[in-house]
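Going by mature numbering (1 follows the signal peptide of the UniProt record, and there is no 0), the letters in the sequence shown line up with residues -19 to -1, 1 to 280, in that order.
Where is the CB? At the ideal position from N, CA and C, for every residue including glycine.
These figures come from a predicted structure and were not determined experimentally.
Notes follow the structure.
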Amino acid sequence: MRPSFIACSLALLASLTTACGSSDSEGGSPEDGDTTPLSLQTFSGSEGGFYASSTLILGETDAVLVDAQFTLSDAGKLADMIEATGKDLRTVFITHAHPDHYFGVEVIQERFPEAEVLASPEVVDQMKALGPQKLAQWKPVYGDDLTSAPRVAEPFDGDHLELDGQRIDLVALEPGEIEHATVLHLPSTGAVIAGDMVYAGTHVWLADADAAHRQGWLRNLETIKALAPTAVVAGHKAPGNDDAPALLDTTAAYIRDFDEVVAESSTASDAEEEMLARYPDLKLPVMLEYSCAAAFPAP
């Protein structure tokens, strides 16, 4: 993931295995003993796909996919995982307009042509605005493994989706990691699919978040925490990481550390060096490199 949401009201107040792998999680207990709770199956892209996560929400017969990967090869493996469940994919919901979460849509639509692709109206507008720029940036890098024509979601302004009679709440957030983003909350299990508000085992992408947006991001994490989630699926998950709610705190701590380091550093390289010293085990240091460069723009 590389370069490039007026707070909306809340409508109602998954473990990663290896890269290109999947994991299953129910994330809680059903509210109604006669209703099978929704379950989650999470796919993590390759390192080249920035370990972007896609989450399949499974009902008794149907499924909803959240985010659709970056590269065509990762999206193909995701489609294989979906097909193996035997569920009917009804909806693909895109959390935000960064290309590593939706450039793979064409593969999903080709494999599951009946599935509708949705996002909030604000996210759709941002897809249209940023898509051509992102394609020009990344097509030379990935070549045939990247779409030549990014597909844009249809705008959906409802406050929830339904899957086999169960509600999936859509929680719109204020500007943070990006200008517009949505997280999904499953009341039947307590799980939250947090998109890029939360990271697991990787450096946090802060290149699009100035100081004010970083403060908004911290407030967004508190908004998610207020949902009392039983599981939190991160938008980027390195191998071996889980969906623990504690990811909300570790992501917040990273952002606060970044603020502190930037304030105390004179150059991007100084800030990068200090953050690497504080977080030596996190994957995707390239995301830190871009974040530091954005915090110290060239004169």
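Check, Outcome
"Assuming contact is defined by CB atoms lying nearer than 8 Å, are R148 and E87 in contact in what I supplied?", "no"
"Check for me: the alpha helix (DSSP H) holding S272 runs from which residue to which?", "P266 to A276"
"Please report the residue range of the beta strand (DSSP E) in which D70 lies.", "The sequence given here places Leu at residue 70; Asp does not occur at that position. Here the beta strand (DSSP E) through L70 covers D69 to F74."
"Please classify D230 as buried or exposed, where buried requires at least 16 neighbouring CB atoms within 10 angstroms.", "exposed"
"Pick helix, strand or coil for V214, following the three-state DSSP scheme.", "strand"
"When you compare only the Cα positions, how much space is there between residue 282 and G85?", "Residue 282 is absent from the structure shown; the chain starts at -19 and stops at 280."
"Could you tell me if A130 is buried or exposed, where buried requires 16 or more neighbouring beta carbons within 10 angstroms of its beta carbon?", "exposed"
"Mapping the DSSP letters down to three states, classify Q147 as helix, strand or coil.", "strand"
"Quick check: what's the CA-CA separation for residue 286 versus H77?", "This structure does not reach residue 286, given that the chain is present from -19 up to 280, and the question cannot be answered."
"So which of T17, P18, V45 and A56 has the shortest CA-CA distance to S25?", "A56"
"Excluding sequence positions up to five away, which residues of its chain have a Cβ less than 6 Å from the Cβ of A36?", "In the sequence as displayed, the identity of residue 36 is Thr instead of Ala. Once the five neighbours on either side are set aside, the close Cβ partners of T36 are L21, T23, V47, I174 and V214."
"Could you tell me which residues DSSP puts in a beta bridge with L167?", "Answer by DSSP bridge pairing: none, since L167 is not bridged."
"Throw me the rounded Cβ distance for the V45 and L142 pair, which I believe falls under 8 Å.", "6 Å"
"Tell me which residue opens and which closes the beta strand (DSSP E) that I174 is part of.", "A172 to I174"
"What is the C-beta distance between F51 and L265, in whole angstroms, given that I count them as a contact (C-beta under 8 Å)?", "About 13 Å; that fails the 8 Å criterion."
"Can you tell me whether DSSP reads L46 as helix, strand or coil?", "strand"
"Can you tell me whether T128 is buried or exposed? The criterion is at least 16 other CB atoms within 10 Å of its CB, across all chains shown.", "buried"
"Compute the Euclidean distance between the alpha carbons of R200 and G146, then round it to the nearest angstrom.", "31 Å"
"Does DSSP classify E253 as helix, strand or coil?", "helix"
"Nearest to F277 by alpha carbon, out of A258, S246, E254 and Y260?", "S246"
"Write down the C-beta distance between D43 and L151 rounded to the nearest angstrom, noting that I regard them as a contact closer than 8 Å.", "Actually they are not in contact, since the Cβ atoms of D43 and L151 sit about 17 Å apart, beyond 8 Å."
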